[in-house]
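Some notes on the structure that comes next.
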Amino acid sequence: MEEKQPLKQPVHVGLIMDGNGRWAKKRKMPRSFGHSAGMNAMIKLVGHISAHTQETGVKYLTVYTLSTENLSRPAEELEGLFNLLRKYFTTNVKKLYAKNCAVKVIGDLTVLPEDIRELLIAGENNSPDDAGFTVIFAINYGGRCEILNAVNLAVEGGKKLNAEEFEKLLYTDGVPYPDLIIRTGGEMRLSNFLAYQAAYAELYFTDVLFPDFNEKEFDKALKEFSRRERRYGKV
Ligand code: FPP
Numbered sequence: 000m001e002e003k004q005p006l007k008q009p010v011h012v013g014l015i016m017d018g019n020g021r022w023a024k025k026r027k028m029p030r031s032f033g034h035s036a037g038m039n040a041m042i043k044l045v046g047h048i049s050a051h052t053q054e055t056g057v058k059y060l061t062v063y064t065l066s067t068e069n070l071s072r073p074a075e076e077l078e079g080l081f082n083l084l085r086k087y088f089t090t091n092v093k094k095l096y097a098k099n100c101a102v103k104v105i106g107d108l109t110v111l112p113e114d115i116r117e118l119l120i121a122g123e124n125n126s127p128d129d130a131g132f133t134v135i136f137a138i139n140y141g142g143r144c145e146i147l148n149a150v151n152l153a154v155e156g157g158k159k160l161n162a163e164e165f166e167k168l169l170y171t172d173g174v175p176y177p178d179l180i181i182r183t184g185g186e187m188r189l190s191n192f193l194a195y196q197a198a199y200a201e202l203y204f205t206d207v208l209f210p211d212f213n214e215k216e217f218d219k220a221l222k223e224f225s226r227r228e229r230r231y232g233k234v
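No gaps in the numbering here: position 197 of the sequence shown is 196 in numbering that gives the first Met the number 0, and each next residue is one more.
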């Protein structure tokens, strides 16, 4: 008789939310319309994942919301994204707390408009302490910048560090490595997302454009993950 293996479950899932612009273009609408639809898709997805942490084992979701490169998008598009951030971090975030979910923000916040920076910091600080699920927003985030920042902090500290000490200097201190990274929108690359942490992550790429990426598509990715064999370089 075939022995039943326990289902492999990711604790931390990373999500590269790509394809908002193309989704809007298909509908002859401005890119900002796609980002707004993307935010709605993300809100639904977070609701779904946070409601099923017991069954799925997912305790962290990192969403690539704004890369360092995205900051050079046209001013109008960027302002639209900033307005979505303002909206999310004034209203939606409270609904997360009510469900015992926490918020964490990773990235270089120093160059963001001051009101947004304050909202993001408050979003993190007001989170419940005993949360069962955490949404991590990568905002003005770049993996290489994160590593460089950590290296500079280490140099300032003036002594050699082991991996454990070094990882405390990354934005993701206290968060486990991502087990699974999902990218929507058809491109097959990581685009500077969690460059250090993703070393052994399983990658899942789908052609679905992010605004159409729903609970069913997420569960498909989890199912695919459960079938993967992870060896971490061993035989
Ligand atoms: C990439 O799609 C997506 C982004 C640059 C922004 C992602 C943001 C959201 C999904 C919503 C924001 C959420 C909050 C909380 C503010 P793209 O524009 O590069 O798409 P394309 O490749 O089709 O052009």
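Even glycine gets a Cβ: it sits at the ideal position worked out from N, Cα and C.
First through last residue of the beta strand (DSSP E) which encompasses residue i
i	result
L179	179–182
V154	From DSSP, V154 is part of no beta strand (DSSP E) but of the alpha helix (DSSP H) over 142–156.
F204	201–204
L189	Careful: L189 lies outside any beta strand (DSSP E) and carries neither H nor E.
S66	59–66
Candidates the options, of which the one nearest residue i by Cα
i	options	result
W22	H34, I15, V12	H34
T171	Y140, Y199, L111	Y140
Y96	K103, F81, S126	S126
V92	A220, F165, G122, M16	G122
V62	N99, I181, L14, R85	L14
V10	E216, E201, V234, K215	E201
L118	A130, F136, D129, F132	F136
L111	C100, K94, A130, F81	F81
R230	L221, I138, A198	A198
K58	N69, S66, V12, M28	V12
V45	A74, D129, K94	K94
T52	R72, D218, E228	D218
L193	E214, P210, L169, F212	L169
E223	D178, V154, D211, R26	D178
T55	C144, N69, F132	F132
I42	N124, R116, T90, M28	T90
R85	S71, L108, I115	I115
N124	S190, A220, K103	K103
The alpha helix (DSSP H) enclosing residue i, as first and last residue numbers
i	result
E123	113–124
E166	162–166
R227	Where R227 is concerned, there is no enclosing alpha helix (DSSP H), given that its DSSP letter is neither H nor E.
Nonlocal neighbours in the same chain, by C-beta distance under 8 angstroms from residue i, ignoring five residues either side
i	result
R30	N19, G20, A23, K24, E76, G79
K158	none
Sequence-distant residues of the same chain with beta carbon closer than 7 angstroms to residue i, five excluded per side
i	result
M38	L83, Y87
E216	T205, V207
R182	I15, D17, F204
N161	none
E228	none
C144	T67, D107
Near ligand 2: residue i beta-carbon under 8 angstroms from a heavy atom
i	result
K27	You won't find ligand 2 in this model; what it holds is ligand 1.
6 angstroms CB neighbourhood of residue i in its chain, flanking five on each side removed
i	result
E113	none
G106	A137, I138, N139, Y140
G185	D206
K7	S225
K130	Looking at the sequence provided, one finds Ala at residue 130 rather than Lys. N99, C100, A101, listed in sequence order.
Starting from the N-terminal side, write out each stretch of the beta strand (DSSP E) that is 3 residues or longer and does not extend beyond the region 80–114.
Runs of the beta strand (DSSP E) inside the region 80–114: 100–105.
Within the region 7–74, ranges of the alpha helix (DSSP H) (whole runs, at least 4 residues)
Secondary structure remark: continuous alpha helix (DSSP H) runs of at least 4 residues inside the region 7–74, in chain order: 19–25, 30–50, 52–55.
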